[in-house]
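Here our numbering = 1-based position in the sequence shown + 110.
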Amino acid sequence: MLELAEHAVSIANKTLNEFDLSKIEKWAKHGNPRDLVSEVDQAIEERVKEFLTRETPQIPVVGEEFSPDFEHQNKSAWILDPIDGTANFLQGLDHFSISLALINNSTPEVGVILNPTQNLLYKAQKNHGAYLNGSRIEADSPKDLTDSFLCLEWGRSNQSIETGMELMRIFVPRVREYRNYGGAAQTICHVAESKLDIYIDHGLKIWDYAAGWCILNESGGMLEPISINGNEVIIAGGNDSLISAAKHLIKEEISY
Ligand code: LIP
Numbered sequence: 111m112l113e114l115a116e117h118a119v120s121i122a123n124k125t126l127n128e129f130d131l132s133k134i135e136k137w138a139k140h141g142n143p144r145d146l147v148s149e150v151d152q153a154i155e156e157r158v159k160e161f162l163t164r165e166t167p168q169i170p171v172v173g174e175e176f177s178p179d180f181e182h183q184n185k186s187a188w189i190l191d192p193i194d195g196t197a198n199f200l201q202g203l204d205h206f207s208i209s210l211a212l213i214n215n216s217t218p219e220v221g222v223i224l225n226p227t228q229n230l231l232y233k234a235q236k237n238h239g240a241y242l243n244g245s246r247i248e249a250d251s252p253k254d255l256t257d258s259f260l261c262l263e264w265g266r267s268n269q270s271i272e273t274g275m276e277l278m279r280i281f282v283p284r285v286r287e288y289r290n291y292g293g294a295a296q297t298i299c300h301v302a303e304s305k306l307d308i309y310i311d312h313g314l315k316i317w318d319y320a321a322g323w324c325i326l327n328e329s330g331g332m333l334e335p336i337s338i339n340g341n342e343v344i345i346a347g348g349n350d351s352l353i354s355a356a357k358h359l360i361k362e363e364i365s366y
């Protein structure tokens, strides 16, 4: 399945390269000008879905743009984000990626993430390790939040921006450094390769993190969803201590 996923991602990349990036049609989703989609996202999803449906007709394909309904009880599902970090992509910023995962019984089995402009291909298969461009990667983070390099992001609704601001207030003064990149899939890979120690995002959907989750697990890190006031927050960390410290802080300061 890993080879199939890599092939699907290469089809996605080929599709992206067929477009003249200076003239891409884009529009707002659900009337929210912060949430953009483009003809490139749609074309990639169509082609990849067509390929995967032909190769594995028994496995449904969940995709951000056309088939976002994910049934957790699905035995297996392909989870595709045709472009994760669409805002960066449309802005000409490099931090975006194509992300494809295979989930089985709520567990990530395969993950492939390609940043085509930076030539970074991250991949993992359950119990077989995580790789960047063919070399093994490992999460190796400090155990204390105070020594950690944090990325913190939030979704696009007013309510999730408010929660994001609360999280900023409690986390930023307690970590060594803070960043916000705008592309969850690649950001999770940065935790897997020890460029970041912890990533917290309020507003992710399964396609934003499924492939990264597999890669992070295989690198020795971990990802945990928690709920704040009924909304899911994803915490991805290089080790268990960081995740526990983050959960403890949220419980003390915001309560969940
Ligand atoms: C985006 C993420 C970003 C996150 C946003 C959003 P999109 O994905 O990758 O990092 O903070 O909530 O989901 O919409 O560009 O695929």
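C-beta: ideal position from N, C-alpha, C; glycine also. Since the model is a prediction, treat every value here as computed from it, not as a measurement.
Return helix, strand or coil for residue i, following the three-state DSSP convention.
i	result
S258	coil
V222	strand
Y288	strand
A187	strand
D318	helix
A118	helix
Q228	coil
R144	strand
N339	coil
S177	strand
R157	helix
E362	helix
N268	helix
I208	strand
Please classify residue i as buried or exposed, where buried requires at least 16 other C-beta atoms within 10 Å of its C-beta.
i	result
G244	exposed
W137	exposed
G313	buried
E263	buried
I223	buried
L190	buried
T196	buried
L59	What is shown of the chain runs 111 to 366, which leaves residue 59 out entirely.
G340	exposed
D350	exposed
Among the options, which one has its Cα closest to the Cα of residue i?
i	options	result
D194	F206, T297 and S304	F206
N214	P192, V172, K305 and Y241	V172
D250	A355, E328 and D307	D307
E165	S351, L200, A115 and F129	A115
G331	E156, L210, A240 and K124	A240
G347	S337, L210, A302 and T217	A302
R246	G293, G202, C299 and N225	C299
G292	F199, A234 and A355	F199
Are any of the Cβ atoms in chain B nearer than 9 Å to that of residue i?
i	result
F281	The chain labelled as chain B is not found in the depicted structure, where only one protein chain is given.
At least 3 beta-carbon pairs within less than 8 Å: the stretch 282-302 vs the stretch 159-178: no
Looking at C-beta atoms only, is the number of pairs between the stretch 253-270 and the stretch 307-324 that lie closer than 8 Å three or more? Put simply, the stretch 253-270 touches the stretch 307-324. At least three CB pairs are less than 8 Å apart.
Is it a yes or a no for the stretch 150-162 touching the stretch 245-259, going by three-plus beta-carbon pairs under 8 Å? no
Okay, do the stretch 270-280 and the stretch 230-248 touch, 3+ Cβ pairs below 8 Å being the bar? no
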